[in-house]
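Undergrad: Numbering (the working numbering), first residue to last: 1 to 428.
From the three backbone atoms N, C-alpha and C, an ideal C-beta is built for every residue, glycine too.
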């Protein structure tokens, strides 16, 4: 039984919300065509109670292992039921528990990046966990340090770029493909509505966020060449109040469709209030309102189970792994098998719908990848040529800023044509 092991306190301050208008009218959504495999949104899960009083370190309860079992721990940046990033990982952990025999799993939620996380990773390794997942970018350096101290534990970090060849692996996927397709849909929606402006709530100025923002803008231009995209930096992964305020700010500035790079479904929720559209992120169940156009999401379970099985068997080779949509670990809500598109899809132009469906099918067949998203001709929003016709970025370019010490060539520190924002300061 999975253990809920966290001590955390919240103070939530209510803010005055904007005057609401009716949400976009819902029409009967058509059945998706060319629908590849994925899952429906699972019912809400409740975390079972812990089985014993755990050790407390730095305010966090550290779970115990179960003797005779393969023990897997996960560290989450947000609550396990956040409706986004952390919930997607948590459900991946449940998949491991259900599908890898003789496995005990536990998690600790709401662990800040930095020194607190280092204490938590060290304590889990000291307890004897065999495999430890860290699910936030800022856990990378602490995990690297602790992995060196505990060679008998396997560490897998999500979304960073560091690894070793012994017990520290790095894992991520080409979500830029699904963001690109969502950008195509959002561009079409804004064009039909006669309001050709998108917005992106970006979290932190790291390569991942510029990569995903640029993918949205490139997709947008496929269906709406006249569209532009604004950006708001919110400097948080999970803060429902800040996320709602940023979404409202973008809508009030004339944006018709808001994307989020953060963890909660704020974009869709505020869109519902404003009579506009949002694109949520991370979790298959993130689209709970009609104003949510779609949600690019993660299916971590099969990937985590493969890593757990290999680690248990002693065959896992840690390093750097980056999967594409044909892995089955990426989805776009409304377009997978058994799903129905959201209402905002219904009245889009037929030629746009077909282009979107064809691109989804190609992505899930492995025929449209991250290197196709970032294939020239591409120019930045200053008129500079980033990629000549037919030339693709390399993986180091997708992942890197020179300012962060990356050996990238055409690094990701640029905004695509159509983005009206300036580049963020990197703090160097």
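If you reduce the DSSP assignment to three classes, tell me which class residue 197 lands in.
TA: Mapped onto the chain shown, residue 197 falls at position 197. In the structure shown, residue 197 sits in a strand (DSSP, three-state: E or B).
Undergrad: Within its chain, find whatever has a CB closer than 8 Å to the CB of residue 114; leave out the 5 residues flanking it on each side and keep chain order.
TA: Reading the chain shown from its first residue, position 114 is the one you call residue 114. These residues qualify, in order along the chain: 138 and 142.
Undergrad: Distance cutoff 8 Å, beta carbons only. Does residue 420 sit that close to anything in chain D?
TA: Although the question refers to chain D, the structure presented lacks it and comprises just one protein chain.
Undergrad: Is the Cβ-Cβ distance between residue 212 and residue 257 less than 8 Å?
TA: If you number the chain shown from 1, residue 212 lands on position 212. If you number the chain shown from 1, residue 257 lands on position 257. Their beta carbons are not under 8 Å apart, which means residue 212 does not touch residue 257 by this criterion.
Undergrad: Quick check on residue 426: does DSSP put it in helix, strand or coil?
TA: As a working mapping, residue 426 is identified with position 426 in the chain shown. Residue 426: coil per DSSP, three-state reduction.
Undergrad: Ordered along the chain, which non-local residues of its own chain (more than five positions away) have a Cβ less than 7 Å from that of residue 37?
TA: Position 37 of the chain shown holds residue 37. A caution first: residue 37 carries a pLDDT of 40, below 50, which makes its placement in the model unreliable, though a value can still be read off. These residues qualify, in order along the chain: 328, 336 and 337.
Undergrad: Compute the Euclidean distance between the alpha carbons of residue 254 and residue 344, then round it to the nearest angstrom.
TA: Indexing the chain shown from 1 puts residue 254 at position 254. Indexing the chain shown from 1 puts residue 344 at position 344. Spanning the two alpha carbons is a distance of roughly 18 Å.
Undergrad: I think residue 380 touches residue 421, with their Cβ atoms under 8 Å apart; what is that distance to the nearest whole Å?
TA: Along the chain shown, one-based indexing puts residue 380 at 380. Along the chain shown, one-based indexing puts residue 421 at 421. At roughly 12 Å, the Cβ-Cβ gap does not stay under 8 Å, so residue 380 and residue 421 are not in contact.
Undergrad: What residues in its chain sit with their C-beta under 7 Å from that of residue 412, if we drop five residues either side in the sequence?
TA: Here residue 412 is taken as the residue at index 412 of the chain shown, counted from 1. Within the same chain, residue 412 has close Cβ partners 207, 210, 211, 397, 398, 400 and 401.
Undergrad: At a cut of 8 Å, does the stretch 184-203 reach the stretch 157-170 through at least three beta carbon pairs?
TA: Contact fails: fewer than three Cβ-Cβ distances are below 8 Å.
Undergrad: Where does the unbroken alpha helix (DSSP H) through residue 99 begin, and where does it stop?
TA: Residue 99 sits at position 99 when you count from the first residue of the chain shown. 85-99 is the span of the alpha helix (DSSP H), which, as asked, contains residue 99.
Undergrad: Take the Cβ of residue 426 as the centre, count every other Cβ of all protein chains shown within 10 Å, and call the residue buried at 16 or more, exposed below.
TA: Within the chain shown, numbered from 1, the residue matching residue 426 stands at position 426. It is exposed - the Cβ of residue 426 has fewer than 16 other Cβ atoms within 10 Å.
Undergrad: With DSSP as the reference, identify every bridge partner of residue 241, one or two as the case may be.
TA: Reading the chain shown from its first residue, position 241 is the one you call residue 241. In DSSP, residue 241 forms no bridge with anything.
Undergrad: Start and end of the alpha helix (DSSP H) containing residue 421?
TA: The residue given as residue 421 occupies position 421 in the chain shown. Residue 421 -> no alpha helix (DSSP H), and no H or E assigned at all.
Undergrad: Residue 290 to residue 186, Cα distance in whole Å?
TA: By 1-based counting over the chain shown, the position of residue 290 is 290. By 1-based counting over the chain shown, the position of residue 186 is 186. Computed Cα separation, rounded: 14 Å.
Undergrad: I'd like to know whether the C-beta atoms of residue 432 and residue 270 end up nearer to each other than 8 Å.
TA: Nothing about residue 432 can be read from this structure; the chain reaches only from 1 to 428.
Undergrad: Quick one: is residue 360 buried, meaning 16 or more other Cβ sit within 10 Å of its Cβ, or exposed?
TA: The residue given as residue 360 occupies position 360 in the chain shown. Buried: at least 16 other Cβ atoms inside 10 Å.
Undergrad: Taking only the alpha-carbon atoms, compute the straight-line gap between residue 301 and residue 317 and give it to the nearest angstrom.
TA: Along the chain shown, one-based indexing puts residue 301 at 301. Along the chain shown, one-based indexing puts residue 317 at 317. Answer to the nearest angstrom: the Cα atoms are 19 Å apart.
Undergrad: Helix, strand or coil for residue 173? Go by DSSP, reduced to three states.
TA: Taking the first residue of the chain shown as position 1, residue 173 is located at position 173. Reduced to three states, the DSSP call for residue 173 is strand.
Undergrad: Take residue 101 and list the residues in its own chain whose beta-carbon comes closer than 6 Å to its own, dropping the five residues that flank it on each side.
TA: Position 101 of the chain shown, counting from 1, holds the residue named residue 101. The answer is none, since no qualifying residue turns up.
Undergrad: Helix, strand or coil for residue 333 per DSSP?
TA: Taking the chain shown and counting its residues from 1, one reaches residue 333 at position 333. Residue 333: coil per DSSP, three-state reduction.
Undergrad: Which same chain residues end up closer than 6 Å to residue 91 when comparing Cβ atoms and leaving out the 5 residues on each side of it in sequence?
TA: Position 91 of the chain shown, counted from the first residue, corresponds to residue 91. So the list is empty, once near-sequence residues are dropped.
Undergrad: May I ask you to report which of helix, strand or coil DSSP gives residue 139?
TA: Translated into the one-based positions of the chain shown, residue 139 becomes position 139. Correct three-state label for residue 139: helix.
Undergrad: Hey, out of 267, 326 and 332, whose CA is closest to residue 239's CA?
TA: By one-based count along the chain shown, residue 239 stands at place 239. Ranking the options by Cα distance to residue 239, first place goes to 267.
Undergrad: Just verifying my parser: in three-state terms, what is the DSSP assignment at residue 186?
TA: Residue 186 sits at position 186 when you count from the first residue of the chain shown. Residue state, collapsed to three classes: helix.
Undergrad: Would you please state the rounded distance, in angstroms, between the beta carbons of residue 304 and residue 96? I believe it to be under 8 Å.
TA: In the chain shown, residue 304 corresponds to position 304, counting from 1. In the chain shown, residue 96 corresponds to position 96, counting from 1. Contact holds; Cβ gap of about 5 Å.
Undergrad: Should residue 221 go down as buried or exposed, given a rule of 16 or more other Cβ atoms within 10 Å for buried?
TA: Here the question's residue 221 lines up with position 221 in the chain shown. Residue 221 comes out buried.
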